[in-house]
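Visitor: Residue numbers (UniProt numbering): 1 to 243.
Ideal Cβ positions, reconstructed from N, Cα and C, are used throughout, including at glycine.
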């Protein structure tokens, strides 16, 4: 039986599974710093690498994920790093926060795995007026033929793999304004030096996971599917404002 992709990520404790990896995260946060003084909400924090980095930089951070295994590893990471993050198990479709709570929301390749319209509406609801959403996602190129990505969508269980224009339409329908595409990039092999420049010192593997053939097979298949379809894909960050 083929292992689920998100289960593989959880078992290996992968900290930066999103397009561009942690290097892209660092570059984004350096260019577009979250507002000082407000609380940052990360949706789908996974093993907490970005959330803990932000806390290390002095930000007050709330981080959610739907997966309890990923959250347990995120809490372990925070403890090992000596930082404080308020972790919360939550579904992006129904965030357990009052309206107008956060100044900044960060999302890294999460909304693609949800019903995007429902999730983006929740992001809008919990943002304060003038708050900013940064959502890094993978997009389908306009040149992609119909059905070209069906196998990939099925494997990754991605109901929301869409073109940029569709994303912008969803954000507008949810109430967002001033929607911008930041740092749009072709999908390609990550920069060779990235793993050495930003090694993850707090990646916690499940015991035996590195020797589990199903984990290995899932990892290989996920990489192959992305590389086989890279001419149809690109990625970037959508920034939107709640006015």
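1. When the Cβ atoms of the region 19-34 are set against those of the region 125-142, are three or more pairs found closer than 8 Å?
2. Within a Cβ cutoff of 6 Å, which residues of the same chain sit near residue 156, ignoring the five residues on either side of it in sequence?
3. Measuring alpha carbon to alpha carbon, tell me which of 220, 233, 75, 162 ends up nearest residue 115.
4. If I follow the unbroken alpha helix (DSSP H) through residue 72, where does it start and stop?
5. If I follow the unbroken beta strand (DSSP E) through residue 141, where does it start and stop?
6. Secondary structure at residue 36, three-state DSSP: helix, strand or coil?
7. Alpha carbon to alpha carbon, how far is residue 126 from residue 98? Give it in angstroms, no decimals.
8. Should residue 267 be labelled buried (16 or more other beta-carbon atoms within 10 Å of its own) or exposed?
9. Determine whether the beta carbon atoms of residue 101 and residue 128 lie at a separation below 8 Å.
10. Grab me the residues of residue 85's own chain with a C-beta within less than 7 Å of its C-beta, minus the 5 sequence neighbours each way, in chain order.
11. So residue 174 and residue 121 are supposed to be a Cβ contact under 8 Å. How far apart are they, rounded?
12. Find the nearest neighbour of residue 41 within the set 118, 3, 96, 69, judged by alpha-carbon distance.
13. Across which residues does DSSP place residue 87 in a beta bridge pair?
14. Thinking residue 10 and residue 70 are a contact (beta carbons under 8 Å), I'd like their distance in whole angstroms, please.
15. Which residue's Cα is closest to the Cα of residue 73: 222, 206, 219?
16. Sorted by chain position, which residues of the same chain lie with C-beta nearer than 8 Å to residue 203's C-beta, five sequence neighbours on each side aside?
17. Near residue 82, what residues of its chain come up, given a Cβ to Cβ distance below 6 Å and the 5 sequence neighbours on each side ignored?
18. What distance in whole Å lies between the Cβ atoms of residue 39 and residue 103, which are believed to be in contact at a cut-off of 8 Å?
19. Looking at C-alpha atoms only, which residue of 172, 112, 241 is the closest neighbour of residue 154?
20. Going by DSSP, name the residue or residues bridged to residue 124.
Guide: Taking the coordinates as given:
1. Short answer: they touch.
2. 5
3. 162
4. 68-81
5. Per DSSP, residue 141 belongs to no beta strand (DSSP E) and is neither H nor E.
6. Here residue 36 carries a coil assignment [DSSP, helix/strand/coil].
7. 6 Å
8. A question about residue 267 goes unanswered here, because the residues of the chain that appear run from 1 up to 243.
9. With respect to residue 128, residue 101 sits close: the two C-beta atoms are nearer than 8 Å.
10. 48, 51, 52, 55, 61, 63, 78
11. 5 Å
12. 96
13. 63
14. Distance from residue 10 to residue 70 at the Cβ level is roughly 5 Å; contact confirmed, criterion being Cβ atoms closer than 8 Å.
15. Looking only at 222, 206, 219, the smallest Cα-Cα distance to residue 73 is reached by 206.
16. 12, 13, 14, 15, 47
17. none
18. Distance from residue 103 to residue 39 at the Cβ level is roughly 7 Å; contact confirmed, criterion being Cβ atoms closer than 8 Å.
19. 112
20. Answer by DSSP bridge pairing: none, since residue 124 is not bridged.
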